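Just so you know, we're using my numbering here: the sequence shown kicks off at 164 and counts up by one. Beta carbons: idealized from backbone N, C-alpha and C, even for Gly. Because the structure is a prediction, the values reported are computed rather than measured. Just below is one structure, and these are the notes that go with it.
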Amino acid sequence: MARIDLGFELDSAVISGQAALVQELLSNLIHNSIEHAGGGAKITVKTYVLGDTPILEVEDDGIGIGEEERDKVLQRFFRGRLAKGNGSGLGLAIVDEIARIHNARVVLSTPVKWQGLVVRIVFKNASTIGTITNTIKY
164 MARIDLGFEL DSAVISGQAA LVQELLSNLI HNSIEHAGGG AKITVKTYVL
214 GDTPILEVED DGIGIGEEER DKVLQRFFRG RLAKGNGSGL GLAIVDEIAR
264 IHNARVVLST PVKWQGLVVR IVFKNASTIG TITNTIKY
């Protein structure tokens, strides 16, 4: 049993977009964290607004992705040298494509608190079509 600690810190973050695609983006991010952070991992999904910019983050305490590979993992079929699991290298490429469709960008970083990975989706600005929290169906 993997014993993953999956938590949510969800503030209202209104975005304009296609709910099914945003759900696919989030599903890929959570799946990647579970697959690559490994058993006993702590994963946190966050939504918030910084200024007028809606943000979606998925943070884990796994092995992370080295700075030198962060641009490459957004390309199709690229797997980091420390990647675990049986992935094909498409997950983050799909996330990046969905983000671009929504006029958003993907930012990868290391959490301040520990090792691991933070995938931050930075949307352009707030709108009235829907909220990120309404697309989460877990």
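Thinking residue i and residue j are a contact (beta carbons under 8 angstroms), I'd like their distance in whole angstroms, please.
| i | j | result |
| --- | --- | --- |
| residue 193 | residue 208 | 7 angstroms |
| residue 211 | residue 174 | 4 angstroms |
| residue 195 | residue 253 | Not a contact, Cβ separation roughly 10 angstroms. |
When DSSP builds the beta bridges, which residues end up paired with residue i?
| i | result |
| --- | --- |
| residue 223 | 206 and 280 |
| residue 272 | 281 |
| residue 213 | 216 |
I need the straight-line Cα distance from residue i to residue j, nearest angstrom please.
| i | j | result |
| --- | --- | --- |
| residue 280 | residue 204 | 12 angstroms |
| residue 180 | residue 186 | 11 angstroms |
| residue 269 | residue 215 | 17 angstroms |
| residue 276 | residue 220 | 15 angstroms |
| residue 176 | residue 259 | 19 angstroms |
| residue 230 | residue 184 | 27 angstroms |
| residue 166 | residue 206 | 11 angstroms |
| residue 295 | residue 284 | For residue 295, the pLDDT reaches just 46, beneath the cut-off of 50, and the residue's location in the model is therefore unreliable, although a value from the coordinates is still provided. Near 11 angstroms, if we compare the C-alpha coordinates of residue 284 and residue 295. |
Excluding five sequence neighbours on each side, which residues of the same chain lie with their C-beta closer than 6 angstroms to the C-beta of residue i?
| i | result |
| --- | --- |
| residue 264 | none |
| residue 272 | 281 |
| residue 286 | 178, 217 and 267 |
| residue 200 | 223 and 225 |
Leaving out the 5 sequence neighbours to the left and right, which residues in its chain are closer than 7 angstroms to residue i when beta-carbon positions are compared?
| i | result |
| --- | --- |
| residue 234 | none |
Excluding the 5 residues preceding and the 5 following residue i in the sequence, name in chain order all residues of the same chain whose CB lies nearer than 8 angstroms to its CB.
| i | result |
| --- | --- |
| residue 257 | 187, 188 and 191 |
Quiz item: Counting only runs that start and end within the stretch 168-198, where is the beta strand (DSSP E) found for 3 or more residues in a row?
Solution: If you keep only unbroken beta strand (DSSP E) runs of at least 3 residues inside the stretch 168-198, you get 168-173.
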